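Here's the structure we're looking at; comments come further down.
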Ligand SMILES: [Zn+2]
Ligand SMILES: [Zn+2]
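Chains as they are written, first to last, in the UniProt record's numbering: chain A, 1 to 200; chain B, 1 to 200.
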């Protein structure tokens, strides 16, 4: 005997969440049924809404339920500057550091030839088009300081420098091998102000 | 700037899950959007179905989407014996130990006068009625070996012994202060076979 089918289904379904094993899925299911049915119903609605509506911004590839996200359509931002990051969480981390007021481009990953992830998979064709069409003057490379992140930054600088675009790589403060998303705001602010310009 | 409203709502909604803080809610949201939209949609459906359909079994108070749960309506089980436990997870733990073939009564808690939880709140009026109407001969008290669990077991034995019902308390093997739900099957099997009969 196990729990009834509706409970078993919910326990199984909760395991799609990262870090949730069978025991915690069971504990979550009982908690929701016993103590927070309202929260569970709100969660179901938020999940359905997000999955149905959220897609990538047509300009920066960040997640949004709009065609063009709020940052890309914010006229108060510096529109000649693009910061390239790997993930939506990285955009949030940079925003929270308060050290940047330009636009973004979200790779949704990094170059990883061994996994079949080349320039097109991380949207670099679309990025190159943006740089040209929007008259971008400066690009800040804020990919993670990992092997793949560095390789991606190198590829990007190689693509941008011959076009006379000012390219910089955030540097000091982000611990090597670390992930941008987990760096505190002041460290990130430091990394932005201490960025070095890459030369051809 | 934060994430877009649909993402913020989902991050906030995920926090209804026990053990999920803001950082893991954010990680879960991005994971689902990037890698498992199908899983997220299935989770939304499982949540809605369970919250709309699952209620307490009219006989044993365990969670079920049926009026009478599968255990209560299983004719192969010993219908003269009831095991009293605190939670649905405890029913599962006892079932998995394979040491018991009778019926259950799930208190959905324990006596806790300080929190206003008395006999009626844990269904003991319904339990007493069942014992009489169904001609129950033996009751096994498998509440947790905590102060409240012991007090609840004592209250139950006090209620049952004067009616000439055989009452026992599971004993050996369950570590003091521990929770039944986390005890392994063989320890529980041992606790069942080593139960001691309570005398008036
Ligand atoms: Zn955008
Ligand atoms: Zn039942």
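Beta carbons are placed, not taken as given, at the ideal position from N, Cα and C, and that holds for glycine.
This one's a predicted model, so the numbers in the text were calculated from it and none came from an experiment.
Report the option in A:137, A:103, A:158, A:191 whose CA atom is closest to the CA atom of residue 57 of chain A.
-> A:103
Continuous beta strand (DSSP E) assignments of at least 3 residues falling wholly in the UniProt domain "Toprim" (80-175) of chain A = 81-85, 103-106, 138-141, 166-169
Say yes only if the C-beta of residue 82 of chain B is nearer than 8 Å to one or more non-hydrogen atoms of ligand 2, and no if none qualify.
-> no
Cut-off 6 Å between Cβ atoms - residues of its own chain near residue 62 of chain B, not counting five sequence neighbours on either side = 69, 88, 91, 106
Cα-Cα, which of B:184, B:9, B:21 is closest to residue 64 of chain A?
-> B:9
Whole-angstrom Cβ separation of residue 95 of chain B and residue 144 of chain B, contact assumed at under 8 Å?
-> Actually they do not touch by this definition, with Cβ atoms about 17 Å apart.
Check each residue of the stretch 15-30 of chain B: if its Cβ is closer than 7 Å to any Cβ of chain A, include it; give the result in chain order.
-> 16, 17, 18, 19, 24, 26, 27, 28, 30
Quick one: which unbroken alpha helix (DSSP H) runs of 4-plus residues sit fully inside the stretch 2-68 of chain A? Chain order, please.
-> 5-14, 22-35, 37-53
What is the DSSP secondary structure of residue 181 of chain B, counted as helix, strand or coil?
-> helix
Alpha carbon of residue 18 of chain A to alpha carbon of residue 11 of chain A, nearest angstrom | 14 Å
Ligand 1 heavy atoms versus the CB of residue 104 of chain A: any closer than 8 Å?
-> yes
Candidates A:183, A:182, A:124: closest to residue 157 of chain A by CA position | A:124
If you measure from the CB of residue 57 of chain A, is any heavy atom of ligand 1 nearer than 8 Å?
-> yes
Which chain B residues sit within Cβ distance under 7 Å of residue 69 of chain A?
-> 4
Cβ pair residue 181 of chain B, residue 93 of chain B closer than 9 Å | yes
Taking residue 81 of chain B as the reference, which of B:112, B:53, B:134 has the closest Cα?
-> B:134
Going by the CB atoms, is the gap between residue 146 of chain A and residue 111 of chain A shorter than 9 Å?
-> no
Within 8 Å: the Cβ of residue 122 of chain A and any heavy atom of ligand 1?
-> no
Cutoff 8 Å; reference residue 165 of chain A; Cβ partners in own chain excluding five residues on either side | 131, 136, 137, 138, 139
Going along the chain, which residues of its own chain have a beta-carbon closer than 7 Å to the beta-carbon of residue 148 of chain B, five neighbours each way excluded?
-> 110, 111, 112
Verify the contact flag: residue 60 of chain A, CB atom, against every heavy atom of ligand 2, threshold strictly below 8 Å.
-> no
Could you work out which residue in A:6, A:21, A:97 is closest to residue 50 of chain B when comparing CA atoms only?
-> A:6
Residue 29 of chain A and residue 3 of chain A closer than 9 Å at C-beta = yes
Is it buried or exposed for residue 114 of chain A, if we count other Cβ within 10 angstroms and need 16 for buried?
-> exposed
Examine ligand 2 and report whether any of its heavy atoms sits within less than 8 Å of the Cβ of residue 143 of chain A.
-> no
How many angstroms separate the CA atom of residue 118 of chain A from the CA atom of residue 33 of chain B?
-> 21 Å
Can you tell me whether residue 120 of chain B is buried or exposed, with buried defined as 16 or more other CB within 10 angstroms of its CB?
-> exposed
Could you tell me if the beta carbon of residue 71 of chain B falls within a distance shorter than 8 Å of some heavy atom in ligand 4?
-> The model on display carries ligand 1 and ligand 2 but not ligand 4.
Can you tell me the Cβ-Cβ gap for residue 128 of chain A and residue 159 of chain A, rounded? I've got them flagged as a contact below 8 Å.
-> 7 Å
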